[in-house]
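Participant: One structure is given below, represented as structure tokens, and several questions about it will come after.
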Amino acid sequence: MPDIPHQYTVRDLESPDGRRTTAMGSDEFEWFVRLIRAEGVMKTWGRRTHPYLQVGGWEYWTMGDPAEETTIIN
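Residue numbers for the sequence shown, in our numbering: 6 to 79.
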């Protein structure tokens with residue numbers, strides 16, 4: 006989607022050599038997912054609606070799986 010640039014982080018992402026490359030631990034990741042859902046504003050993109058949270062000029066959202074199963078924060 007070159008016309009809609011975005012970044013994301015993946016829970017417990019590992020590199021091929023087995024090192025963890027995720028910037029935050031699993032507990033912090035799940036905490037942030039819950040924060041997005043508790044404090045975020047519902048917005049629609051395409052046909053889907055998700056909670057979006059703005060922090061420091063950035064906007065974060067998740068896709069809807071339960072917090073403990075969510076693997077990506079956009």
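We put the beta carbon where it would ideally sit given N, CA and C, even for glycine.
Would you identify the three-state DSSP class for residue 41, choosing helix, strand or coil?
Facilitator: Numbered from its first residue, the sequence shown carries residue 41 at position 36. Three-state result, residue 41: helix.
Participant: I'd like the list of long-range same chain contacts for residue 66, defined as Cβ closer than 6 Å, with 5 residues on each side in sequence excluded.
Facilitator: Position 61 of the sequence shown, counted from the first residue, corresponds to residue 66. These residues qualify, in order along the chain: 55, 57 and 79.
Participant: Measuring straight from C-alpha to C-alpha, what distance separates residue 30 and residue 18?
Facilitator: Indexing the sequence shown from 1 puts residue 30 at position 25. Indexing the sequence shown from 1 puts residue 18 at position 13. Each residue's alpha carbon lies about 10 Å from the other.
Participant: Rounded to the nearest angstrom, what separates residue 61 and residue 53 at their Cα positions?
Facilitator: Within the sequence shown, numbered from 1, the residue matching residue 61 stands at position 56. Within the sequence shown, numbered from 1, the residue matching residue 53 stands at position 48. Residue 61 and residue 53: Cα-Cα distance of roughly 24 Å.
Participant: So the candidates are 33, 46 and 51; which of them puts its Cα closest to the Cα of residue 77?
Facilitator: Residue mapping note: residue 77 aligns to position 72 of the sequence shown, counting from 1. Cα-wise, what sits closest to residue 77 is 33.
Participant: For the beta strand (DSSP E) holding residue 55, just list the boundary residues, first then last.
Facilitator: In the sequence shown, the residue the question calls residue 55 occupies position 50. Note, residue 55: beta strand (DSSP E), 53-60.
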